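A.B. asks:
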Amino acid sequence: LVVLGIETSCDDTAAAVVRSNGEILSQVVSSQADLLVRYGGVAPKMAEEAHSLVIDQVVQEALDKAKLTEEDLSAVAVTIGPGLSLCLRVGVRKARKLAGAYALPIIGVHHMEAHALVARLVQSDLQFPFMAFLISGGHNLLVLASDLGHYIQLGTTIDDAIGEAYDKTAKWLGLDMRKSGGPAVEELAREGDEKSIIFKVPMKQHKDCNFSYAGLKTQVRMAIESKNIDAAIHVAAASEQDRKARADIAASFQRVAVLHLEEKCERAIEWAMKIEPSVKHLVVSGGVASNQYVRSRLNKIVEKKGLQLVCPPPSLCSDNGTMIAWAGIEHFRMGRYDPPPPACEPEDAVLDLRPRWPLGEELAQGRSEAR
Ligand code: ATP
Ligand code: FE
């Protein structure tokens with residue numbers, strides 16, 4: 073099997089071609105970093121236009137790099153949710169056009185399931201059941217993956233996700249957002265004293281596995297204001313003293329943001345072991361899983377609990393087409409896919425998009441189930 077994966081759920085336009093043996097034949101990501109810098113976040117209409125501008129090129133490049141043509145493909149996989157519907161639409165249209173023209177089956181993929189499943193591409197002996205901790209721009213999800221398409225949610229965020237807190241911290245600290253906020257905060261935090269400001273760890277009194285990052289964001293903003301840090305002055309242009317103050321805030325924020333992950337993760341492992349004592353692995357994925365500090369802290373917890381951490385390389389943690397193609401392959405193998413769409417689908421055809429799609433909730437109709 074050779075599957076093309078297309079991803080446009082948020083601010084990256086991505087495509088990849090992957091073989092069912094796990095070989096990544098190509099991976100192309102076009103990021104909207106410049107737009108993010110200009111507008112300080114994702115504006116759906118703008119993001120949709122940016123996706124539309126590059127989608128044909130990104131898919132063509134993925135095919136070219138794989139040295140394949142559309143005719144060599146076995147199927148097309150595309151993110152249908154969760155995400156911004158204006159953005160999802162661009163990828164789904166492209167996937168259906170291509171699948172229609174070349175009579176290819178099409179697989180609608182859950183973006184967060186793909187973040188988790190890509191760990192099975194990286195580590196081929198990773199069997200269900202396993203635990204997954206998905207930390208990204210829009211999600212903080214702790215799940216027990218009992219089988220393909222079957223997820224028991226152990227915890228989620230009640231407001232913001234950790235990636236959002238990293239991005240806002242970066243913006244308020246006047247950091248370079250060109251690579252998104254997270255990596256910039258991680259880098260600056262290395263120069264800081266993580267105990268210089270003691271932020272309050274969120275939700276300590278809640279004996280559950282849920283998260284909250286809105287309060288920590290406010291604490292960080294107040295600390296930044298109290299130190300008179302001007303976000304309009306880029307950190308590279310700041311005085312030595314000002315830079316040190318920013319680094320201290322970055323490090324102190326990161327320590328507490330990750331402590332919150334550690335505490336809830338530890339509890340979730342205990343819960344999961346009660347439900348499925350055979351669990352051996354914890355997958356950490358999503359953009360924030362690229363962070364070295366996050367990885368090493370979570371690794372300690374996971375080892376302490378006698379599990380093994382599986383963390384994909386950064387290029388597979390942040391949004392990418394490979395994870396979509398791979399999730400498509402996993403479902404295709406089980407016979408879960410849709411037949412090729414009509415070759416000439418009208419422009420206004422109703423598309424199956426799931427902008428809000430809880431992980432674990434099955435697709436209701438439209439799928440050919442394995443017989
Ligand atoms: P979701 O997956 O929830 O729909 P998304 O697709 O926008 O959100 P991803 O691409 O999976 O998110 O992750 C992007 C997020 O990861 C951003 O918030 C970014 O700041 C964060 N991130 C990326 N690298 C790092 C890092 N090294 N440290 C901290 N955060 C990081
Ligand atoms: Fe994502």
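Quick note: the sequence shown uses the UniProt record's numbering, first residue 73, plus one each step. Think of the CB as a built atom: it goes at the ideal place given N, C-alpha and C, for glycine as much as any other residue. Source: prediction; values computed, not measured.
#1: Quick one: is I341 near chain D, going by C-beta distance under 8 Å?
#2: To the nearest angstrom, how far is the alpha carbon of V100 from that of S268?
#3: Can you check whether the CB of L333 is closer than 8 Å to the CB of V190?
#4: Going by alpha carbons, who is nearest to V164 out of T241, D128 and V215?
#5: Between C416 and G209, which are expected to be in contact by the criterion C-beta below 8 Å, what is the C-beta distance as a whole number of angstroms?
#6: Within the same chain, show all residues whose beta-carbon is closer than 7 Å to that of V162, passing over the 5 residues directly before and after it, in chain order.
#7: Out of S157, G155 and A173, point me to the one whose CA is closest to L145's CA.
#8: Taking 6 Å as the limit between beta carbons, can you name the residues of its chain near A397, skipping five residues before and five after?
#9: Under DSSP, the alpha helix (DSSP H) around R315 begins and ends at which residues?
#10: Rank L214, D219 and H222 by C-alpha distance to the C-alpha of I234 and give the top, closest one.
#11: Taking the alpha-carbon positions, what's the G287 to P274 distance?
#12: Name the DSSP bridge partner or partners of D84?
#13: Can you name, in chain order, every residue of its own chain whose Cβ lies under 7 Å from the Cβ of A295, other than the five neighbours on each side?
#14: First and last residue of the beta strand (DSSP E) that includes R77?
#15: What would DSSP say about G438, mapped onto helix, strand or coil?
#16: What is the DSSP secondary structure of Q291, reduced to helix, strand or coil?
#17: Please list the terminal residues of the continuous beta strand (DSSP E) segment that includes S218.
#18: Report the rounded CA-to-CA distance for A175 versus L160, giving the unit in angstroms.
#19: Hey, F355 and A344: beta-carbon distance below 8 Å or not?
#20: Should E375 go down as buried or exposed, given a rule of 16 or more other Cβ atoms within 10 Å for buried?
#21: Does the region 322 to 331 come close enough to the region 235 to 249 that 3 or more CB-CB pairs lie under 8 Å?
#22: Between which two residues does the beta strand (DSSP E) holding residue 71 run?
#23: What do you get for A309, buried or exposed, if any count of 16 or more other CB atoms within 10 angstroms of its CB means buried?
#24: What would DSSP say about A149, mapped onto helix, strand or coil?
C.D. replies: Inspection of the coordinates gives the following:
#1: The chain inventory of the structure shown lacks chain D, comprising one protein chain alone.
#2: 41 Å
#3: no
#4: The option with the nearest alpha carbon to V164 is D128.
#5: Going by Cβ atoms, the distance from C416 to G209 rounds to 36 Å, so no, they are not a contact pair.
#6: T80, E120, H123, S124 and I127
#7: A173
#8: Counting only residues of its own chain and dropping the five nearest sequence neighbours on each side, A397 has a CB closer than 6 Å to the CB of V75, G77, A88, V90 and A149.
#9: Start and end: E312 to I347.
#10: Selection L214, D219 and H222 evaluated against I234 yields L214 as nearest (Cα-Cα).
#11: 7 Å
#12: S103
#13: I269 and I321
#14: The question names Arg, but residue 77 in the sequence shown is Gly. Run containing G77: V74 to E79, per the beta strand (DSSP E) assignment.
#15: Bear in mind that a pLDDT of 38 at G438, under 50, signals an unreliable position, so the number given afterwards is only what the model happens to contain. The three-state secondary structure of G438, taken from DSSP, is coil.
#16: helix
#17: N212 to D219
#18: 22 Å
#19: Per the sequence shown, residue 355 should be read as Val rather than Phe. Not a contact, by the Cβ cut-off of 8 Å.
#20: E375 should be labelled exposed.
#21: Yes: at least three Cβ pairs fall under 8 Å.
#22: Outside the displayed span of the chain (73 to 443) sits residue 71, for which this structure offers no information.
#23: exposed
#24: strand
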